[in-house]
Amino acid sequence: MICEVREGDKQVIKQAAGLMAFVWGCWKLNLAGAMEFRISFMLTAGMMVVNNLVWIVFWGLYFQRFQVVNGWSLQDVMMMWAVSAGGFGLSAVLFGNAYRLASLIASGQLDVFLSQPKPVLLHILISRMSVSAIGDVLFALLVYGLFGDTSLAGIFKFMLALLIALLIFIFFVVLVQSLAFFIGNAEGIGQQVFNGLLAFSTYPTGIFSGWGKLILFTVIPAGFISYLPIGLLRSMEPLFVWQAIGVAAGLTIVGTAFFYYGLKGYSSGNSMGMRM
């Protein structure tokens, strides 16, 4: 019996290692493809950094006149941008196809992923990288280095905040864009909802109240991203942290389940192609 369990454990470990190698291989291929045009790569990523810096200048000028905004300091807002930009950037770099999922479904382009013995959703998500989002990641690291807590504990909390933001971005988008299985091309709806999530995640939750604040913590869970600088990075609020982790985990489960539920009724587009 012990031998059987050990053999089973070995098989699970082997499969997990194989899957991790596959994911790592896809990420390396995506990066290699982006680096083929290095000047374009650097310009695209660089312009995104510049674009984000414009907002930092805006908030810097704002806080020169108003030192605190409903309990938020300049450092808190900078950390909000670091978490939001970093979480989105990592999601688009590592799982870039999440933002094209509705288009792939509506145009019948999932066939190539269904034909291979890999987890379908994971395979889809990691098959594309957003080059411009690399600029978001670099920007997040730059802002954190300038304004963040660079102690070991601070870095750990920042990494946890990025993970929570990443999961919320990815699986909220997967959930919405999977509507394409049922209503056809949901790309427009998915883009609008994502724009709302991204926009509201870059504004302090302290400026919202009443129904607006309720929506940010329910319908569009941007509040669980934008409040991380206060509830996790500045002063650990256990209730909020566990709520944020729960929302991230819940969206991961629900988004994945909803995708596979829709996949059952997917109609092939005869879009077979060669993928390594």
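Under my numbering, the first residue of the sequence shown carries the number -13, and numbering increases by one thereafter. Every residue, glycine too, gets a C-beta built ideally from N, C-alpha and C.
Given a cut-off of 8 Å on the beta-carbon distance, is the pair THR191 and TYR213 in contact? yes
For a test of the three-state rule: what should DSSP assign to VAL55, helix, strand or coil? strand
Less than 8 Å between the C-beta atoms of GLY217 and GLU223, yes or no? yes
Using only alpha-carbon positions, find the residue among MET64, SER253, MET33, MET34 that is nearest to LEU47. MET64
According to DSSP, simplified to helix, strand and coil, what is ILE169? helix
Kindly give me the distance between the Cβ atoms of VAL69 and ALA18, rounded to whole angstroms, as I take these residues to be in contact under 8 Å. At roughly 29 Å, the Cβ-Cβ gap does not stay under 8 Å, so VAL69 and ALA18 are not in contact.
Selection from ALA172, ILE206, VAL98 that minimises the alpha carbon distance to LEU184: ILE206
Straight-line gap, ILE112 to ALA172 (C-alpha atoms, nearest Å): 21 Å
Have a look at GLN229 and MET145 and give me their C-alpha separation to the nearest angstrom. 17 Å
Own chain partners of MET66 with C-beta closer than 6 Å, once the 5 adjacent residues on each side are dropped: SER212, PRO215
Return the CA-CA distance between ASP(-5) and GLY4, expressed in angstroms with no decimal places. 14 Å
Is DSSP giving MET258 helix, strand or coil here? Unreliable positioning characterises MET258 in this predicted model, as indicated by a pLDDT of 43, which lies under 50. The coordinate reading is nonetheless provided below. In the structure shown, MET258 sits in coil (DSSP, three-state: anything other than H, G, I, E or B).
Quick check on LYS143: does DSSP put it in helix, strand or coil? helix
Rounded separation between ARG24 and VAL9 - CA only: 23 Å
Can you round the beta-carbon distance between ALA147 and LEU219 to whole angstroms, since I take them to be within the 8 Å contact cut? 6 Å
Looking only at C-alpha atoms, which of VAL162, ILE201, LYS104, ILE42 sits nearest to GLN1? LYS104
Whose C-alpha, out of ILE120, TRP13, SER253, is nearest the C-alpha of LEU29? ILE120
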